[in-house]
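Asker:
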């Protein structure tokens, strides 16, 4: 149980285009999902917290107009990188929180999406 | 603001040896997590520690938590090459979000 999927796993795009990444909780409902960014050999940095049916909460320094987050259902959150530039190239990881008490409110992580902007 | 520090950041060890990774956090947290990350992959959950004195073991890995010292340790016993990976600890902050340590890159040499 507690499986989170991401799609696509890898994407290469041209500078100036927009890229959408999907995060799905496959076997549980997630009222809260999180989006992280990881640079090579670095730790995970939280970008934003996505709550179903409401606006996402962005961390300081993260441009909300550049990284659009939508959490339209209890099993799906999307991150759209708008007008992507090479500096947006990174590994993007989502997680979903299982609210059932049995999982201790734990976050379950997706497999990640490698974005390369040319 | 919760801060989480791991050390060492890089660890090269021989197979068969023991070692400990340390994770310090700056403010009260109600739970501590350990994750493993292989190159190019996402995080794999290893342990969730919920209370002071908690100890959990899985194979050659054992994690413990001292909430008074705000310290968690991940002990590796008789390391094998398959344990080579990056290990992250993360603590839960007041907003119920995770703050990650910087990671420990472990290389186990034959």
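Residue numbers (my numbering), protein chains in the order written: chain L, -1 to 116; chain U, 2 to 111.
Beta carbons: idealized from backbone N, C-alpha and C, even for Gly.
(1) Using a Cβ-Cβ cutoff of less than 6 Å, which residues in the same chain neighbour residue 30/U once the five nearest sequence positions on both sides are dropped?
(2) Pull up the distance between the alpha-carbon of residue 5/U and that of residue 25/U, whole angstroms please.
(3) Do residue 113/U and residue 74/U have their C-beta atoms closer together than 9 Å?
(4) Under 8 Å by Cβ, that's how I've got residue 48/L and residue 30/L pegged, so tell me the actual separation to the nearest angstrom.
(5) Output, in sequence order along the chain, the residues in the stretch 38 to 66 of chain L whose CB is closer than 7 Å to any CB in chain U.
(6) Given this structure, state the Cα-to-Cα distance separating residue 57/U from residue 87/U, to the nearest angstrom.
(7) Please go through the same chain and pick out, in chain order, the residues whose beta-carbon is closer than 7 Å to the beta-carbon of residue 111/U, but skip the five residues on each side of it.
(8) Since residue 71/U contacts residue 27/U with CB under 8 Å, what's their CB separation in whole angstroms?
(9) Quick check on DSSP: helix, strand or coil for residue 3/U?
(10) Could you pull the start and end residues of the beta strand (DSSP E) that residue 67/U belongs to?
(11) What does DSSP give as the partner residues of residue 38/U in its beta bridges?
Answerer: Taking the structure as given:
(1) Translated into positions along the second chain, residue 30/U becomes position 29. Cβ neighbours of residue 30/U beyond the five flanking positions: 92, 93.
(2) The residue labelled residue 5/U in the question sits at position 4 within the second chain. The residue labelled residue 25/U in the question sits at position 24 within the second chain. Looking at the two C-alpha atoms, the distance is approximately 6 Å.
(3) Since the first residue of chain U shown is 2 and the last is 111, residue 113/U is not available in this structure.
(4) On the first chain, position 50 is the one that residue 48/L refers to. On the first chain, position 32 is the one that residue 30/L refers to. Indeed, because the Cβ distance is near 7 Å, the residues count as touching under 8 Å.
(5) 41, 42, 44, 47
(6) Numbered from its first residue, the second chain carries residue 57/U at position 56. Numbered from its first residue, the second chain carries residue 87/U at position 86. A straight-line Cα-Cα distance of about 19 Å links residue 57/U and residue 87/U.
(7) The residue labelled residue 111/U in the question sits at position 110 within the second chain. Same-chain partners within the cutoff: 16, 82.
(8) As a position in the second chain, residue 71/U is number 70, starting the count at 1. As a position in the second chain, residue 27/U is number 26, starting the count at 1. With a Cβ gap of about 7 Å, residue 71/U and residue 27/U count as contacting.
(9) For this step, residue 3/U is matched to residue 2 along the second chain. Coil, per DSSP.
(10) Taking the second chain and counting its residues from 1, one reaches residue 67/U at position 66. Element bounds for residue 67/U: 62 to 67.
(11) Position 37 of the second chain, counting from 1, holds the residue named residue 38/U. DSSP, once it has assigned bridges, lists 44/U, 87/U as partnering residue 38/U.
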